[in-house]
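*Asks:*
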Amino acid sequence: MDNKTKILEYFDHFHAHPEASWQEVETTKKLAEIMEDLQVNYQTFDDVTGLIAEIGEGERVVAVRADIDALWQEVRGKVQANHSCGHDANMAMVLGALLYLKDEPLAKRIRFIFQPAEEKGNGSLAMIERGAIEEVTHLYGVHLRPIEELPFGQVAPAIHHGSGIFLKGKITGVDAHGARPHQGKNAIDVIVAIHQFVKSIYFSPFESYSAKLTNIQAGGDSLNIIPGSAAFALDVRSQSNSLMAELRQRIDAGLQSIAALHEVDITWEWDDYTPAAEVSDEAMQIADSAIRSLLGEERTAAPLETTGADDFHFYTIKKPELKAAMLGVGADLAPGLHHPDMAFNKDALDIGARVLAETLRKS
21 MDNKTKILEY
31 FDHFHAHPEA
41 SWQEVETTKK
51 LAEIMEDLQV
61 NYQTFDDVTG
71 LIAEIGEGER
81 VVAVRADIDA
91 LWQEVRGKVQ
101 ANHSCGHDAN
111 MAMVLGALLY
121 LKDEPLAKRI
131 RFIFQPAEEK
141 GNGSLAMIER
151 GAIEEVTHLY
161 GVHLRPIEEL
171 PFGQVAPAIH
181 HGSGIFLKGK
191 ITGVDAHGAR
201 PHQGKNAIDV
211 IVAIHQFVKS
221 IYFSPFESYS
231 AKLTNIQAGG
241 DSLNIIPGSA
251 AFALDVRSQS
261 NSLMAELRQR
271 IDAGLQSIAA
281 LHEVDITWEW
291 DDYTPAAEVS
301 DEAMQIADSA
311 IRSLLGEERT
321 AAPLETTGAD
331 DFHFYTIKKP
341 ELKAAMLGVG
351 ADLAPGLHHP
361 DMAFNKDALD
371 IGARVLAETL
381 RKS
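Going by my numbering, the first residue of the sequence shown is number 21, and it counts up by one from there.
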């Protein structure tokens, strides 16, 4: 069986067996089985899913990471795990790079990090704690891109992801009879104030950012009760880590002011932070060279900028000297990432695998 056929076989298996974040037990077992078949040394963990494998010899270590979890979403009326973000493809491409490299004489070690829980925004931290990037000088990731960003056949040497974080809040006011609103502290009024406030946050138009309400829970079945309590959530994003810090400060101050104005208690916590990309010029140039040598200049795309987030960038936050870049692979992917019916041209898998292998060779 040739490598391209094996890559498709890997993809088909993982696509048919999705597992949500931190629950990738069978996925990890399958990865271990593949390593056994390929006679590649690997390590698993007793307390967390995921796997780290390594080939080659030498003091230098370069690495590539694949995320292995699926989303939990409704698909044609059924709520289930679903690989609508393409992590099944990412695994297949990284395994493909391993296939292309494993029998070559290597004057360095190449580490393959199969990381859990990217969708939770903190699986990378678990791998970092377990030594995934110890001794690593260069780290690469890979991700399929939606058709509006990159067409099939093109590959970008870097993806500049934005930063993302959630805020979960609770409002505690006073319930009242619908006929006596003056006796209560209406949590819905507070929600409206929060909505207006986040829509009025402005920074430079040359920087990409957003803050918006994504969840509201208030009131009950009795429509003549003014609800004093409510829960809410915000999705906050920015293209840089510095702007994210300013956004958080602005929102913290605004919520404090709204609580004082409406004479209610608002409590909140920030959750599931994912940093913006810190892309290494050196790593990006190595990837660019690999793409050009394999595919030619016409199929070498410019670096991509996207407002989406990826916890891949915790690796460089925790190890600033690490030279890292995530490659973007065009696959005519539609209707879009995270859409339950996401589909793409599977011929992109072998392209991504070969480019990754060449990037690792050149690093």
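Ideal Cβ placement from N, Cα and C applies to all residues, glycine included. Bear in mind the structure is a predicted one, so any value in this text is a computation, not a measurement.
Tell me the DSSP secondary structure of P166 in three-state form.
*Replies:* Strand, per DSSP.
*Asks:* Excluding the 5 residues flanking A322 on each side, which residues of the same chain have their C-beta closer than 8 Å to its C-beta?
*Replies:* Only A176 meet the Cβ criterion.
*Asks:* H399 by DSSP, collapsed to three states: which one?
*Replies:* Residue 399 falls outside the range modelled here, since the chain spans only 21 to 383, and no answer is possible.
*Asks:* Apart from the five residues on each side of it in sequence, which residues of its chain come closer than 8 Å, Cβ to Cβ, to L389?
*Replies:* Since the first residue shown for the chain is 21 and the last is 383, residue 389 is missing from the structure and cannot be characterised.
*Asks:* With DSSP run on the structure shown, which of helix, strand or coil describes K190?
*Replies:* K190 falls in the strand class under three-state DSSP.
*Asks:* Would you mind reading off the limits of the beta strand (DSSP E) that contains E39?
*Replies:* Note, E39: premise wrong, no beta strand (DSSP E); not H, not E.
*Asks:* Among all the DSSP beta bridges, which residues are the ones paired with I185?
*Replies:* V256, per the DSSP bridge assignment.
*Asks:* Mapping DSSP to helix, strand and coil, what is F226?
*Replies:* Coil.
*Asks:* Buried or exposed for G161, going by 16 or more other Cβ atoms inside 10 Å?
*Replies:* It is buried - the Cβ of G161 has at least 16 other Cβ atoms within 10 Å.
*Asks:* Counting C-beta neighbours from all protein chains within 10 Å, is the total for Y222 16 or more, i.e. buried, or is it exposed?
*Replies:* Classification for Y222: exposed.
*Asks:* Look up K205 in the DSSP assignment and say whether it is helix, strand or coil.
*Replies:* If DSSP states are grouped into helix, strand and coil, K205 belongs with the strands.
*Asks:* How long is the line joining the alpha carbons of V349 and H180, rounded to whole angstroms?
*Replies:* Their Cα atoms are separated by approximately 14 Å.
*Asks:* State buried or exposed for L281, treating a residue as buried only when at least 16 other CB atoms are found within 10 Å of its CB.
*Replies:* Answer is exposed; the Cβ neighbour count stays below 16.
*Asks:* If we call anything under 8 Å between Cβ atoms a contact, is D397 one with K219?
*Replies:* Residue 397 lies beyond the residue range present for the chain, which begins at 21 and ends at 383; the question has no answer from this structure.
*Asks:* What are the start and end residues of the beta strand (DSSP E) that includes V45?
*Replies:* V45 -> not in any beta strand (DSSP E); alpha helix (DSSP H) instead, spanning V45 to L58.
*Asks:* From which residue to which residue does the alpha helix (DSSP H) around N261 run?
*Replies:* N261 to H282 is the span of the alpha helix (DSSP H), which, as asked, contains N261.
*Asks:* What is the C-beta distance between G143 and D367, in whole angstroms, given that I count them as a contact (C-beta under 8 Å)?
*Replies:* So it is not a contact: roughly 29 Å between Cβ atoms.
*Asks:* What residue range is occupied by the uninterrupted alpha helix (DSSP H) comprising M21?
*Replies:* Unbroken run through M21: none, as it is neither H nor E.
*Asks:* Within its chain, find whatever has a CB closer than 7 Å to the CB of S300; leave out the 5 residues flanking it on each side and keep chain order.
*Replies:* Hits under 7 Å: K343, A344 and A345.
*Asks:* Which word fits L347, buried or exposed, when buried means at least 16 other C-beta atoms lie within 10 angstroms of its C-beta?
*Replies:* So L347 ends up on the buried side.
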